[in-house]
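Some notes on the structure that comes next.
In my numbering, the protein residues as written are 11 to 203.
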């Protein structure tokens, strides 16, 4: 069984059992959007929009069932609330060091559940698509004005990251954070996932 933390846009994300993130408190206005800061590898932080996320799970690696003949960044499937959740190594998908090769002292995977609503469904009911994204660690919530997210020159972007990039955001302390596009991540999945 996994430890699960639900993400709510009205409150700060609680820490995972072994982590104590520092939560930044920023004034919230209607011009801001909430993002979750996470690390793909120890020194690469990215942001994902909270509105596209549903949970943060701590999944024991042995409970992820590998499926043969898929890209190496597809780790396998996991039983999530009685449903099949495909689990993907987000760092490896973006061309970075795979999770299993990172210097981690854990046998569990920090997994962010990306949940995208399919608005193109032909039936009146929309369908949600969920995907587990394994990351190095989850940190804190960030509030950002979406108008301040900029497109970087493609020459500055690693080729594996470019298809999933929404842009970058310069935080007030001169820290640059990469903002990923959850829809693009979902569209990159092989057929059948």
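Note that beta-carbon positions come from the ideal geometry of N, C-alpha and C, so glycine has one too.
Model, not experiment: these values are computed from the prediction.
- According to DSSP, residue 59 shares a beta bridge with 45.
- Residue nearest to residue 171 within the set 48, 160, 81 and 191 is 191 (criterion: CA-CA distance).
- Taking C-alpha positions only, residue 64 is separated from residue 198 by approximately 19 Å.
- Put simply, the backbone Cα of residue 162 is about 20 Å away from that of residue 48.
- Beta-bridge pairing by DSSP links residue 151 to 46.
- Take the alpha-carbon of residue 158 and the one of residue 88: they are about 37 Å apart.
- Inclusion of residue 143 and residue 167 in the CB contact set at 7 Å is not warranted, their separation being larger than that value.
- Excluding the 5 residues flanking it on each side, residue 200 has same chain C-beta neighbours closer than 8 Å at 80, 81 and 84, in chain order.
- Here the alpha carbon of residue 169 sits roughly 8 Å from the alpha carbon of residue 105.
- Boundaries of the beta strand (DSSP E) harbouring residue 85: 84-90, taken from the DSSP string.
- Residue burial annotation: residue 53 is exposed, with fewer than 16 other C-beta atoms found within 10 angstroms of its C-beta.
- By the neighbour-count criterion, in which a residue is buried when 16 or more other Cβ atoms sit within 10 angstroms of its Cβ, residue 101 is buried.
- Residue environment analysis places residue 59 among the buried positions, since at least 16 neighbouring C-beta atoms fall within 10 angstroms of its C-beta.
- Annotation for residue 187: the continuous beta strand (DSSP E) segment containing it runs 186-190.
- A Cβ-Cβ separation of about 10 Å leaves residue 86 out of contact with residue 69 under the 8 Å criterion.
- Per the coordinates, the alpha-carbon of residue 99 lies some 30 Å from the alpha-carbon of residue 182.
- The three-state secondary structure of residue 114, taken from DSSP, is coil.
- Bounds of any alpha helix (DSSP H) do not take in residue 171, whose DSSP letter is neither H nor E.
- Apart from the 5 residues on each side of it in sequence, residue 44 sits with its Cβ closer than 7 Å to the Cβ of 19, 60, 151 and 153 in its chain, given in chain order.
- Selection 147, 55, 115 and 140 evaluated against residue 92 yields 140 as nearest (Cα-Cα).
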